[in-house]
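In what follows, a single structure is set out as structure tokens and then discussed.
Number of protein chains: 2
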Amino acid sequence: MARIISNKDNNRKEVIILAAARLFREKGFNATGMRDVAGEVGVEAASLYNHIRSKAELLQHICFRIAEEFTSQLNEVEKLHELDSIQKLDSIIRFHVRMWVEKPDEVLVANNESKYLKDPFYDSFQNERRIYVRRLETIIEEGMQKGIIRKIEPYVVVLTVMSAVRGIEFWHRTKKNISAIQLENDMVMMLVDGLRIRDLKA
Amino acid sequence: MARIISNKDNNRKEVIILAAARLFREKGFNATGMRDVAGEVGVEAASLYNHIRSKAELLQHICFRIAEEFTSQLNEVEKLHELDSIQKLDSIIRFHVRMWVEKPDEVLVANNESKYLKDPFYDSFQNERRIYVRRLETIIEEGMQKGIIRKIEPYVVVLTVMSAVRGIEFWHRTKKNISAIQLENDMVMMLVDGLRIRDLKA
DNA sequence: GTCTATATAAGGATAGAC
DNA sequence: GTCTATCCTTATATAGAC
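Chains L and H are the protein sequences, given in the same order. Going by our numbering, the residue at position 54 of the first sequence is 54; the numbering climbs one at a time, nothing skipped. One gets our numbering by counting positions in the second sequence from 1 and adding 202 to each.
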């Protein structure tokens, strides 16, 4: 008989995870104390342990949930056989940009703090990342074979794309007069157009 | 009368700073203990304090030395009036790539761990970065005015370029069969060619 | 300049009352 | 489920002998 988990339980845990994400992003995993997290939630540190097992578990939740979102989206894009490689890459870059724009805390923690994941989790996370990179490389390779992407090392393309969007971290901080849409379009333009094989005319 | 500082003194301090950079990169600033640094150098933790004042001072040295290298190089590039904006940007990207390739420990610490700089130093470092970004933006703006760079938000270009090269962190870890030269050329190709105004023929 | 020993502080996690 | 009190470990930094 499956236990019915109350909404209250889940909400409480969710609130804690998001508070942790915010603080881990701001101060880093190691510099964030459970007392900090508790303060953000509005309870004492000891009370957190009724909802989560440890500080390490908070980091695990943040990292693997984000990883799952990226993987799911890639699954969807790969199914769209009507798109060519450039269009797929376009779509993937836009998804990355949106994730960085909409969930900066969690995405940044998954990028910068995942190295503090404990024993089996760190390897597992790194492995998921490696597989994700491989799948993106495959899309680039297909584009090269079909003659719509210029000769370039696929691994370098993937690294460049995945890192370039990390710049959005700074866009968030400087409340510049640049909209999320413009940010997305300019980044895609820059990253995708450098890959196209040049038309011989027009 | 100026005190003559022996080579031995300087070497010792330099060894400590580089050991710290390696560990700060690998484990992060907060997760690295002075015992770790001492172990790397081959002494006891207490002995470090004959050469440096504090752990915080180690981080300051690493961050500001790297900042200085980037600023100096930009000074040089700005003096080269025979280069157009694209050529200047090309040269700057290549410098960034080389810094990431040749001094990954220090550059990565300056990027990822500088947030742990203490009171006046954090603001000072952030300010140097802001000025650096502004100067790069100016180069992009000039290129747009002269009609060799397409219409795009200069700030987005600078963010993208400065973040894209951070991918080299992963290139270092995966001992891939990609040379530093190819990495550099492919990154420049991708990042610069997305900015050019398209030729009407060939 | 390097060592051993230690002061002092902070952080993760638990015990047990309510 | 939340609180107060506290255990235990770890970490930066200092004191003082050699």
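Heads up, the beta-carbon is just placed ideally off N, CA and C, and yes, glycines get one too. From a predicted model like this one, the values you see are computed outputs, not experimental measurements.
Less than 7 Å separating the beta-carbons of residue i and residue j?
i: G369 of chain H; j: S163 of chain L; result: yes
i: I218 of chain H; j: V245 of chain H; result: no
i: L225 of chain H; j: A240 of chain H; result: no
i: T234 of chain H; j: M187 of chain L; result: no
i: V311 of chain H; j: M301 of chain H; result: no
i: N30 of chain L; j: N232 of chain H; result: yes
i: A258 of chain H; j: K320 of chain H; result: yes
i: G396 of chain H; j: M190 of chain L; result: yes
i: P154 of chain L; j: E141 of chain L; result: yes
i: V101 of chain L; j: A180 of chain L; result: yes
i: R35 of chain L; j: D105 of chain L; result: no
i: E386 of chain H; j: V299 of chain H; result: yes
i: R150 of chain L; j: I197 of chain L; result: yes
Does any residue of chain L have a CB that is nearer than 7 Å to the CB of residue i?
i: R337 of chain H; result: no
i: V303 of chain H; result: no
i: M389 of chain H; result: yes
i: I399 of chain H; result: no
i: D395 of chain H; result: yes
i: F372 of chain H; result: yes
i: T340 of chain H; result: no
i: E355 of chain H; result: yes
i: G369 of chain H; result: yes
Take residue i and list the residues in its own chain whose beta-carbon comes closer than 6 Å to its own, dropping the five residues that flank it on each side.
i: E330 of chain H; result: A269
i: F372 of chain H; result: none
i: V360 of chain H; result: V335, L338 and E339
i: F327 of chain H; result: C265, S316 and L319
i: R12 of chain L; result: H51
i: T273 of chain H; result: none
i: H61 of chain L; result: I17
i: N10 of chain L; result: none
i: V367 of chain H; result: H298, V299 and W302
i: T376 of chain H; result: none
i: H148 of chain H; result: No information on residue 148 of chain H is available, as it lies outside the stretch 203 to 404 that chain H covers here.
For residue i, write down the residues that DSSP places opposite it in a beta bridge.
i: R336 of chain H; result: BP columns for R336 of chain H are empty, so no partner.
i: R214 of chain H; result: Answer is none; R214 of chain H lacks a bridge partner.
i: R173 of chain L; result: Per DSSP, none; premise fails for R173 of chain L.
i: R196 of chain L; result: L:I149
Which same chain residues end up closer than 8 Å to residue i when comparing Cβ atoms and leaving out the 5 residues on each side of it in sequence?
i: V394 of chain H; result: I288, L291, D292 and I295
i: Q275 of chain H; result: I294 and F297
By Cβ distance, which residues of its chain are closer than 7 Å to residue i, with the 5 residues on each side in sequence left out?
i: A19 of chain L; result: V37, E40 and V41
i: G230 of chain H; result: E315
i: Q182 of chain L; result: none
i: R3 of chain L; result: With a pLDDT of 49 at R3 of chain L, under the threshold of 50, the modelled position of that residue is not reliable, and the figure given next carries that caveat. Nothing listed; no residue qualifies.
i: M144 of chain L; result: K151
i: I139 of chain L; result: S85, K88 and L89
i: F323 of chain H; result: Q262
Determine whether the Cβ of residue i lies closer than 7 Å to any Cβ atom of chain H.
i: T71 of chain L; result: no
i: R3 of chain L; result: Its pLDDT being 49, under 50, R3 of chain L is placed unreliably in this model, and the coordinates cannot settle the point.
i: M190 of chain L; result: yes
i: R94 of chain L; result: no
i: L183 of chain L; result: yes
i: T32 of chain L; result: no
i: V37 of chain L; result: no
i: S163 of chain L; result: yes
i: V109 of chain L; result: no
i: V156 of chain L; result: yes
i: L117 of chain L; result: no
i: L23 of chain L; result: no
i: L59 of chain L; result: no
Kindly indicate the opening and closing residues of the alpha helix (DSSP H) around residue i.
i: K146 of chain L; result: No alpha helix (DSSP H) holds K146 of chain L; DSSP gives it neither H nor E.
i: G241 of chain H; result: M236 to V243
i: S287 of chain H; result: S287 to E304
i: H263 of chain H; result: K257 to K281
i: A164 of chain L; result: P154 to A164
i: S249 of chain H; result: A247 to L250
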